[in-house]
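Mind the numbering: the sequence shown is residues 2 to 221 in our numbering, read in order. Even glycine gets a Cβ: it sits at the ideal position worked out from N, Cα and C. Please read these numbers as outputs of a predicted model, since none were measured by experiment.
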Amino acid sequence: MRLSFLALIPFLFYTFRLLAFVKDTYLPSFFVFDHEILQKLSQEAIAETEGASSPNAIFESLHSKLKATYGNYISEYNYNDWMFNNAGGAMGQMIILHASFTEYLIIFGSAVGTEGHTGHHLADDYFVILSGVQTASYSNQTVASQYKPGDKHHLPYGYAKQYSLTSGGFALELAQGYIPTMLIFGFADSIFSTTDPFNLGRQIYFTAKSMLKNTLIGKI
């Protein structure tokens, strides 16, 4: 048994190396989103809605800009499509703007504040802060990095951090990589911790709906 396990180690090592190589060389041909453009659009929406009483004005302005830039790749914005998200010990709220096999784009945050583990993912994650403040740190980082509205926080492929969002903190989040592998992390807390089948059903429904729609228009 021990020898079988040891033999598995090089297999896993080279598998992950191959996945990383494909992610850097082949997967980008399927990407439609540019994190630099997303940050620019977010900064414009933040500036245009300065002084608004809630972040909803930012979301609506940003969605209009995303729709004008990316067209049918962006889902319609409906307040009834917001849902809870429990992952890595953090609880927040999210709305899915795009989901496909190589990318997702969501607005994620919390009206009351949250803190948790990002998870290790086979994807690059970009958070553009829309409201509130996000702090984050690696395990060997004793002074947290801080991100304010308009700032972009990049969580590299394969890495993990502890993070927090202040009350009313929301971000536009782009993930690019092997998206189906991230769904395990996204659904696990709803299955084994909160035991909230209603919310889990909504997560699965909206994710599958967006993935199917984008697959039908040729977006993998």
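Any non-hydrogen atom of the ligand FAD within 7 Å of residue i CB
| i | result |
| --- | --- |
| Val23 | The model on display carries no ligand, and the ligand FAD is accordingly not part of it. |
DSSP-derived helix/strand/coil call for residue i
| i | result |
| --- | --- |
| Asn79 | coil |
| Thr216 | helix |
| Phe34 | coil |
| Tyr179 | coil |
| Val129 | strand |
| Tyr160 | coil |
| Ala48 | helix |
| Tyr148 | strand |
| Thr16 | helix |
| Ala189 | helix |
| Ser165 | strand |
| Ala8 | helix |
| Leu173 | strand |
| Ala124 | strand |
Whole-angstrom distance between residue j and residue i, CA atom to CA atom
| i | j | result |
| --- | --- | --- |
| Pro11 | Ala21 | 15 Å |
| Glu37 | Asp125 | 14 Å |
| Ser194 | Phe186 | 12 Å |
| Ser165 | Leu213 | 32 Å |
| Leu217 | Ala91 | 33 Å |
| Asn141 | Lys68 | 40 Å |
| Ser76 | Leu7 | 46 Å |
| Leu201 | Asp190 | 9 Å |
| Ser65 | Tyr78 | 9 Å |
| Ala48 | Ser132 | 11 Å |
Residue range of the unbroken beta strand (DSSP E) whose run includes residue i
| i | result |
| --- | --- |
| Ser138 | 135–138 |
| Ser111 | 104–111 |
| Lys68 | Here Lys68 belongs to no beta strand (DSSP E); instead the alpha helix (DSSP H) covers 57–71. |
| Asn86 | 84–88 |
| Gly93 | 91–100 |
| Thr115 | 115–118 |
Closest Cα partner of residue i within the set the options
| i | options | result |
| --- | --- | --- |
| Gln135 | His121, Lys162, Glu104 | Lys162 |
| Ser111 | Met183, Met84, Lys68 | Met84 |
| Leu28 | Ala53, Tyr206, Leu123 | Leu123 |
| Ile108 | Ala209, Ser62, Val144, Leu7 | Ser62 |
| Ala137 | Gly151, Leu131, His118 | His118 |
| Glu104 | Leu13, Leu19, Ser30, Asp190 | Ser30 |
| Leu184 | Thr208, Gly93, Ser65, Glu51 | Thr208 |
| Gln94 | Ser211, Ile192, Ser168 | Ser168 |
| Pro150 | Leu19, Leu39, Tyr15, Gln44 | Gln44 |
| Glu116 | Asn200, Tyr71, Gly170 | Gly170 |
| Ile221 | Phe14, Tyr74, Gln40, Thr70 | Tyr74 |
| Phe128 | His121, Tyr148, Val144 | Tyr148 |
Cβ contact check for the region 51–59 and the region 92–99: 3 or more pairs under 8 Å: Counting C-beta pairs closer than 8 Å gives fewer than three between the region 51–59 and the region 92–99, which falls short of the contact rule.
Do three or more CB pairs link the region 171–188 to the region 28–36 at distances below 8 Å? yes
Counting Cβ pairs, one atom from each stretch, are 3 or more of them under 8 Å apart for the region 145–160 and the region 71–83? Result no; under three Cβ-Cβ pairs closer than 8 Å.
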